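J.:
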Amino acid sequence: MTTPLLSRFQPMLGFWRGPNELETGRRGLMEMHFQSHFEGEVVQLDAHTWDIATGETFSAGTGLFALGPDGRIIENLYVERFGFCRLDETEDEPDVLALRGDLPDGFTMSVSLRLEADELLLTSQLKSGVVGMDLPRTVARLRRYDRQRGEGAK
Amino acid sequence: MPTRLIKRFGDWLGTWRGTCEFSDGRAGLMQFRLTSVFNGEAIQVDTASYIPESGAPMTRGSGFFSLDRQGRVVNNIYADYLGFAVLVETPDDPEVLSLEGGLPGNMTLTVTMSVANDLMTLSSRVGEGYKSAPGRPRTYTQMKRVGPIQRPKGDAP
Amino acid sequence: MSRRVADYLSWVGVWAGVGDTQAGQQTAIRTDFVAGLDGTSLQMHFEAWDTEFKTLYHGVRAVLAPAPSGVLRALGYSTIHGPLILELTPDDEGVMALAGDSRANNHLSVTFVQDAPGELLFTAFWRSADKSAQAEDGPRMTCRLKPATPWSPPRA
Amino acid sequence: MTNPLIRLAAWIGDWAGQGEVADGTEILFRMQVSSAAEENAVCFHMESWIGEMQLLHGLRLILAPRPDRSLHCMGFSTRFGMVNLTPTPDDEDVLALAGPTTSGMQLSFSLIQQDADTLIATGMARPQDAPPGFTAAGGTHGTLRRVTPWRPPGP
Chain A
1 MTTPLLSRFQ PMLGFWRGPN ELETGRRGLM EMHFQSHFEG EVVQLDAHTW DIATGETFSA
61 GTGLFALGPD GRIIENLYVE RFGFCRLDET EDEPDVLALR GDLPDGFTMS VSLRLEADEL
121 LLTSQLKSGV VGMDLPRTVA RLRRYDRQRG EGAK
Chain B
155 MPTRLIKRFG DWLGTWRGTC EFSDGRAGLM QFRLTSVFNG EAIQVDTASY IPESGAPMTR
215 GSGFFSLDRQ GRVVNNIYAD YLGFAVLVET PDDPEVLSLE GGLPGNMTLT VTMSVANDLM
275 TLSSRVGEGY KSAPGRPRTY TQMKRVGPIQ RPKGDAP
Chain C
312 MSRRVADYLS WVGVWAGVGD TQAGQQTAIR TDFVAGLDGT SLQMHFEAWD TEFKTLYHGV
372 RAVLAPAPSG VLRALGYSTI HGPLILELTP DDEGVMALAG DSRANNHLSV TFVQDAPGEL
432 LFTAFWRSAD KSAQAEDGPR MTCRLKPATP WSPPRA
Chain D
468 MTNPLIRLAA WIGDWAGQGE VADGTEILFR MQVSSAAEEN AVCFHMESWI GEMQLLHGLR
528 LILAPRPDRS LHCMGFSTRF GMVNLTPTPD DEDVLALAGP TTSGMQLSFS LIQQDADTLI
588 ATGMARPQDA PPGFTAAGGT HGTLRRVTPW RPPGP
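Protein chains in written order, with my numbering: chain A, 1 to 154; chain B, 155 to 311; chain C, 312 to 467; chain D, 468 to 622.
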């Protein structure tokens, strides 16, 4: 059985990993895990970034995606370093999920997710509305590793 | 009331991550996640190691700790590169958990684990099954407990 | 035909139903299938309760995964039988039939059959080592499970 | 576990029990409390079942500290949509959350620890524009016990 929400997220469900660079310039290994709950009425995204040398976590967050009353996607988002915010889907190309929302301290967060073949491209940016005060974009290109034997295995 | 298993290993529950060196010399990032199951009757251990730069998996596996009637740890395991096995605790220092069990193909897997000051140390070796011929080099890993991100006061996010 | 974990990923989610045991007891059963290890394993969390959620008769947590040879086995822990490794026996599409012996030499059989879209027929039984394979009087549990689709008000 | 959440660490695990809806319908509860977001948050996954194991209501909550260390909670309800709840100050062994939903309701949800292995759960929803003194028609109440497998009685 599928739901309108799941028909949009089905290709993303599962585990994704890859290198990324945060807006602070810090580089790490990012993992994203999309999982459906309540038979596809909500999709949870767990995303965290680890230090490549030590494995220490330096970014972590959880988002819940659901359809709003108007059929567009809403994300209830918690990110450890920003706190909580709500993102609403904005217009974009058909194969891109773009969302935007306001953070408590006057910044606006925009996020986009695009599936390209076997890769998931994440971009996000914090804008302050004041020229020159926008933070650099975070970009991550993640891959899925669901084949039986890990590519890195002997 | 915590079970005997949780009294012994309750402090091990949670996520652990750190660098590891495989017996063939390759290096990776290793993660262990220990979760109590059925109110402490068993502990599920999910393990994975990755190539740090890309996140490509090197090994993946799961296992369960539980206690047998004698209070020894039984650890039935799955590893994608080894298959399935049942390891049983062997005598060692009190703070060290040593386990041994047979692998497919007349091989033996030995594992030792210990936790001290938020650091989990693990070493494992695959060796010959019966004739105690010297086994291959060990896989060795040290993992730190993954805890809430600590931010000094006034630190920008 | 040999099975793959991917054949069962469409079962991911929570399934529930009311079944009964060989002793005629009614049981409320909840089973949660979750993809694990990057999607290369299927975790199953199984609970059999009385119908008032007062007593957990039997709990099983298991991980179905492929050995290097490709054979699928389920690594598990049962609150009655302890640690388990069960083998997936070859069967038709839409069938997950697991069997094996516990460390106390009880022979266990656990089967999920998707015999209709959105329905899983669950059957489990075990017999002690001294019983013959044809013994029918051992503990047995059967239940028809449905996806836990949340209730929603009837559309106006 | 961050300080504001340390008091909830003892609640991590599986809980189950019975309760009822305001109209008297009997309900089975099942709740899993787990750490989330790499140990920076706590997740409450709550299921309410009726009849032959029909899921009446599903609620999934993420509770975590904001950068200023104050606790906040966001989540999703299968009946009321997205929820954003603020903890209301209370005793150490009480978690009381309340806030708006995207379906125009005001949701309140509380857990009171009765003893180490027992929690009292209460949930209530009323329209956000309800006049003062409006008494909500809905609401559930029940007792949850830590899930402990059956053991054969001793000799």
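Ideal placement from N, C-alpha and C gives every residue a C-beta, glycine not left out.
These figures come from a predicted structure and were not determined experimentally.
Under 7 Å between the Cβ atoms of Met261(B) and Gly237(B)?
T.: Contact flag unset, no.
J.: Determine the extent of the alpha helix (DSSP H) in which Leu5(A) is found, giving its start and end residues.
T.: First-last of the alpha helix (DSSP H) with Leu5(A): 4 to 9.
J.: So with CB distances below 7 Å, who are the chain B contacts of Ala60(A)?
T.: Neighbours of Ala60(A) on chain B, chain order: Ile303.
J.: With a Cβ-Cβ cutoff of 7 Å, do Ala504(D) and Thr62(A) count as a contact?
T.: Yes, the Cβ-Cβ distance between Ala504(D) and Thr62(A) is below 7 Å.
J.: Any beta carbon from chain B within less than 7 Å of Gly40(A)'s own beta carbon?
T.: For Gly40(A), the answer is no, since every Cβ of chain B falls outside 7 Å of its Cβ.
J.: On the premise that Met274(B) lies in contact with Phe163(B), defined as a C-beta separation below 8 Å, what is that separation, rounded to the nearest angstrom?
T.: With 8 Å as the limit, Phe163(B) and Met274(B) do not qualify as a contact, their Cβ atoms being about 11 Å apart.
J.: Could you tell me if the beta carbon of Arg137(A) falls within a distance shorter than 6 Å of some heavy atom in the ligand FMN?
T.: Summarising the ligand content, the structure contains no ligands, and the ligand FMN is consequently not present.
J.: Any beta carbon of chain D sitting closer than 7 Å to that of Thr390(C)?
T.: True, the Cβ-Cβ gap to chain D drops below 7 Å.
J.: Please classify Asp403(C): does DSSP put it in a helix, a strand, or coil?
T.: Asp403(C) falls in the coil class under three-state DSSP.
J.: Whose Cβ in chain B lies nearer than 9 Å to the Cβ of Arg613(D)?
T.: Within 9 Å Cβ-Cβ: Asn193.
J.: Check the Cβ of Pro206(B) against every Cβ in chain A and list those closer than 7 Å, keeping chain order.
T.: Leu29, Ile52, listed in chain order.
J.: Check whether the region 187 to 207 of chain B and the region 379 to 398 of chain C are in contact - that is, three or more C-beta pairs closer than 8 Å.
T.: Enough Cβ pairs lie closer than 8 Å, so yes.
J.: Please look up how many angstroms separate the CB atoms of Leu99(A) and Thr90(A), rounded, as I've assumed it's under 8 Å.
T.: About 7 Å separates the two Cβ atoms, so the contact holds.
J.: Which class does Val130(A) belong to by DSSP, given the choice of helix, strand or coil?
T.: Here Val130(A) sits in coil by DSSP.
J.: Just to make sure I have the definition right: I need the residues of chain B whose C-beta is within less than 8 Å of the C-beta of Gly18(A). Which are they?
T.: Result: Ser208, Gly209.
J.: Determine the DSSP secondary structure at Lys161(B), reduced to helix, strand or coil.
T.: If DSSP states are grouped into helix, strand and coil, Lys161(B) belongs with the helices.
J.: Does any residue of chain A bring its CB to less than 7 Å from the CB of Gly518(D)?
T.: Not an interface residue.
J.: Would Thr3(A) count as contacting chain C if we go by Cβ distances under 7 Å?
T.: Output row for Thr3(A): interface = no.
J.: Using the three-state DSSP reduction, which class does Trp16(A) fall into: helix, strand or coil?
T.: DSSP places Trp16(A) in strand when its eight states are reduced to three.
J.: Find the residues of chain C that neighbour Arg214(B), judging by a C-beta separation of less than 7 Å, and give them in chain order.
T.: Near Arg214(B) (Cβ distances below 7 Å), the residues of chain C are Leu348, Asp349, Thr351.
J.: Counting only the same chain and skipping the five closest in sequence on each side, list residues whose C-beta sits under 6 Å from that of Trp166(B).
T.: Result list for Trp166(B): Leu188, Val269, in chain order.
J.: Can you check whether the C-beta of Gly566(D) is within less than 7 Å of a C-beta belonging to chain A?
T.: Closer than 7 Å: no.
J.: To the nearest angstrom, how far is it from the Cα of Gly101(A) to the Cα of Ser110(A)?
T.: Cα-Cα distance, rounded: 7 Å.
J.: Compare the C-alpha of Leu120(A) against each of Arg137(A), Leu135(A), Val96(A), Gln44(A) and name the closest.
T.: When only C-alpha atoms are compared, the closest one is Val96(A).
J.: Would you mind working out which of Asp361(C), Thr362(C), Val345(C), Trp360(C) sits nearest Gln354(C), comparing C-alpha positions?
T.: Measuring from the Cα of Gln354(C), the nearest candidate turns out to be Val345(C).
J.: Phe436(C) and Gly449(C): beta carbons closer than 7 Å?
T.: A contact, by the Cβ cut-off of 7 Å.
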